[in-house]
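Note that the sequence shown ends on residue 132 in the numbering used here; no numbers are left out.
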Amino acid sequence: METIIDNEVLEKINSLEDLAAYGLTKCPVTLTSLIIGGKWKPVIIYNVSRGINRFGEMQRAMPGISKKMLTQELRDLERNGILNRKIYAEIPPRVEYSLTEQGNATLPVLQSMVDWGKAYAKTLGLH
6 METIIDNEVL EKINSLEDLA AYGLTKCPVT LTSLIIGGKW KPVIIYNVSR
56 GINRFGEMQR AMPGISKKML TQELRDLERN GILNRKIYAE IPPRVEYSLT
106 EQGNATLPVL QSMVDWGKAY AKTLGLH
């Protein structure tokens with residue numbers, strides 16, 4: 006039976022322990038979607054893999070994302086072990102993001118999404 010997750014539950018999820026407490030780690034598709042899914046997380050991971058690793062660069066590469074949303078998504082990805090955050094002791098401070106081992110493990114999934122998206126766009130006459 007499919008687990009229905011309402012927005013109230015999603016707002017309470019702040020860690021992998023929370024996922025387990027709500028029984029959301031049993032389905033690998035649900036777990037994957039919660040960790041790397043959504044409107045922006047796959048795009049952020051893809052961009053970091055391509056060398057776009059600073060906040061300003063990411064915001065320019067994703068013109069529809071707000072500063073607040075980008076900050077939230079970066080924190081979620083870092084907390085869930087997908088991104089590393091490195092702060093350089095410089096003036097002004099510089100922060101760079103990189104993929105962790107788990108982050109790199111998502112790249113075949115994202116490449117499959119890229120391939121599917123290109124093929125689907127072609128069927129729609131978009132490319």
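Quick reminder that beta carbons are idealized off the backbone N, C-alpha and C, glycines included.
Exercise. Is it the case that the Cβ atoms of E78 and I49 are separated by a distance below 8 Å?
Worked result: Within the sequence shown, residue 78 is the residue found at index 73, counting from 1. Within the sequence shown, residue 49 is the residue found at index 44, counting from 1. In this structure, I49 lies closer than 8 Å to E78 by Cβ.
Problem set entry | Whole-angstrom distance between L82 and P47, CA atom to CA atom | As a position in the sequence shown, residue 47 is number 42, starting the count at 1. As a position in the sequence shown, residue 82 is number 77, starting the count at 1. Rounded to whole angstroms, P47 to L82 spans 10 Å at the Cα level.
Exercise. What residues match up with K91 in a beta bridge as DSSP calls it?
Worked result: If you number the sequence shown from 1, residue 91 lands on position 86. E101.
For this session: Would you kindly work out how many angstroms separate the C-alpha atoms of R65 and K123, rounded to a whole number?
Result: Taking the sequence shown and counting its residues from 1, one reaches residue 65 at position 60. Taking the sequence shown and counting its residues from 1, one reaches residue 123 at position 118. Whole-angstrom Cα-Cα distance: 23 Å.
Problem set entry | Environment of L112 [buried if 16+ CB atoms lie within 10 Å] | Here residue 112 is taken as the residue at index 107 of the sequence shown, counted from 1. Counting Cβ neighbours within 10 Å, L112 comes out exposed, since fewer than 16 surround it.
Exercise. Can you tell me whether DSSP reads T111 as helix, strand or coil?
Worked result: The count along the sequence shown starts at 1 and reaches residue 111 at position 106. DSSP places T111 in coil when its eight states are reduced to three.
For this session: With a threshold of 16 other CB atoms inside 10 Å of the CB of L88, please say whether the residue is buried or exposed.
Result: Residue 88 sits at position 83 when you count from the first residue of the sequence shown. Under this definition L88 is a buried residue.
Exercise. Three-state secondary structure (DSSP) at P68?
Worked result: Here residue 68 refers to the residue found at position 63 when the sequence shown is read from its first residue. Note: P68 maps to coil in three-state DSSP.
Problem set entry | Residue range of the unbroken alpha helix (DSSP H) whose run includes N145 | This structure leaves residue 145 out entirely; the chain is present only between 6 and 132.
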